[in-house]
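This report refers to the structure that appears directly beneath it.
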Amino acid sequence: MNNKYTHLIMFHHAGGNSSIFYDFTKYCSNDFNIIQLEMPGRGKRRLEPLMYHIDDIIEDFSSRIPTNGNIVLFGYSLGAYIAYVISAYCRKKESKRNILLVVISNEPIHCRNKFSFLGIGKQEYQQKMLLQFIQKLGAIPEWLKNSPTMLQRFLRVLEADLYVADSISEEQSFPLDNIPILAMYGNKDPLMNTPPYRWKECTRHKFNLVEVLGGHFILSEKGFEIYKSMIDFIHAITFNHDL
């Protein structure tokens, strides 16, 4: 690979921001031109209003996708779904461009369960359900639990991101055209009862499923292993031009 021509475009998990990729990108810096796309309302974009619909996210991110070169779209948890719809957008724009999708820690997009508690009941109920969801993942650090203001801010961001996930249409979940998919998951991920093998139904190109020892947040636990699996998959793909 040549980092002059291959872009690694990264999409973070729900409630998070692009800082989650800080350690992981150290493995990738010699292989790719790295682009970390951050949803508004957090991180470096914290002063911007939150978005609640996938169409707004597509419009926001599409102008940030390079128009030239091969692209590897890398989505983590919620980011897997955003990477998926962005890859479909890129394919529609350019039918012959080399595009590859890496999805981590999420169910296949066409098999996803919606967050039925959104928009139901009082605010206290919403917050309770959001806390239950994130606690299931073991993802709330003590410092956040001990700061009511920061916790409320986090829950607002998380809620908006879950609305984005629920707004993805059936049409936006259709199989991808000529886009290989590498799916990776933690064997102890509490959100998955079975391996997400049905990601293979989401592409008409090559597919591979990799199991990693760990829970939902395997990127921080097994970063190098994930990087190595991604590189191996890329090397195994044959495109019209080398990726």
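In terms of the working numbering, the sequence shown opens at residue 104 and continues consecutively.
Even for Gly, the Cβ is constructed at its ideal location relative to N, Cα and C.
Contact belief for residue i with residue j at Cβ below 8 Å, rounded distance in angstroms
| i | j | result |
| --- | --- | --- |
| Ile157 | Ile271 | 5 Å |
| Phe164 | Leu181 | Not confirmed; about 13 Å, so no contact. |
| Asn290 | Glu314 | 5 Å |
| Phe220 | Gln229 | 7 Å |
| Ile168 | Cys193 | 6 Å |
| Leu322 | Phe127 | 6 Å |
| Ile340 | Asp134 | Ile340 to Asp134, Cβ: 14 Å. No contact. |
Contact check, residue i vs residue j, beta carbons under 7 Å
| i | j | result |
| --- | --- | --- |
| Met287 | Ile329 | yes |
| Ile160 | Ile202 | no |
| Asn136 | His110 | yes |
| Gly178 | Val260 | no |
| Asp264 | Gly118 | yes |
| His319 | Ser276 | no |
| Pro293 | Lys217 | no |
| Leu204 | Leu234 | no |
CA nearest to the CA of residue i, picked from the options
| i | options | result |
| --- | --- | --- |
| Tyr146 | Arg256, Cys131, Arg301 and Trp302 | Tyr is not the amino acid found at residue 146; the sequence shown has Gly there. Considering only alpha carbons, the answer is Arg256. |
| Ser208 | Asn120, Met295, Phe327 and Gln238 | Met295 |
| Pro299 | Glu210, Lys199, Phe127 and Met113 | Glu210 |
| Ser198 | Ala186, Leu322, Leu279 and Pro251 | Leu279 |
| Ile112 | Leu312, Ile138, Ile189 and Leu316 | Ile138 |
| Thr170 | Val188, Arg200 and Tyr155 | Arg200 |
| Ser166 | Ile189, Glu304 and Ser121 | Ile189 |
| Val206 | Ile334, Gly317 and Leu312 | Leu312 |
| Ile123 | Gly326, Trp246 and Leu153 | Gly326 |
- Query: What residue ranges within the stretch 143–216 form continuous beta strand (DSSP E) runs of no fewer than 3 residues, ordered along the chain?
  - Reply: Listed in chain order, the complete beta strand (DSSP E) runs (minimum 3 residues) inside the stretch 143–216 are 173–179 and 202–207.
- Any chance you could list the beta strand (DSSP E) runs of at least 3 consecutive residues sitting entirely within the stretch 260–312, in chain order? Counting only runs of at least 3 residues, the stretch 260–312 fully encloses the following beta strand (DSSP E) elements, listed from N- to C-terminal order: 284–289.
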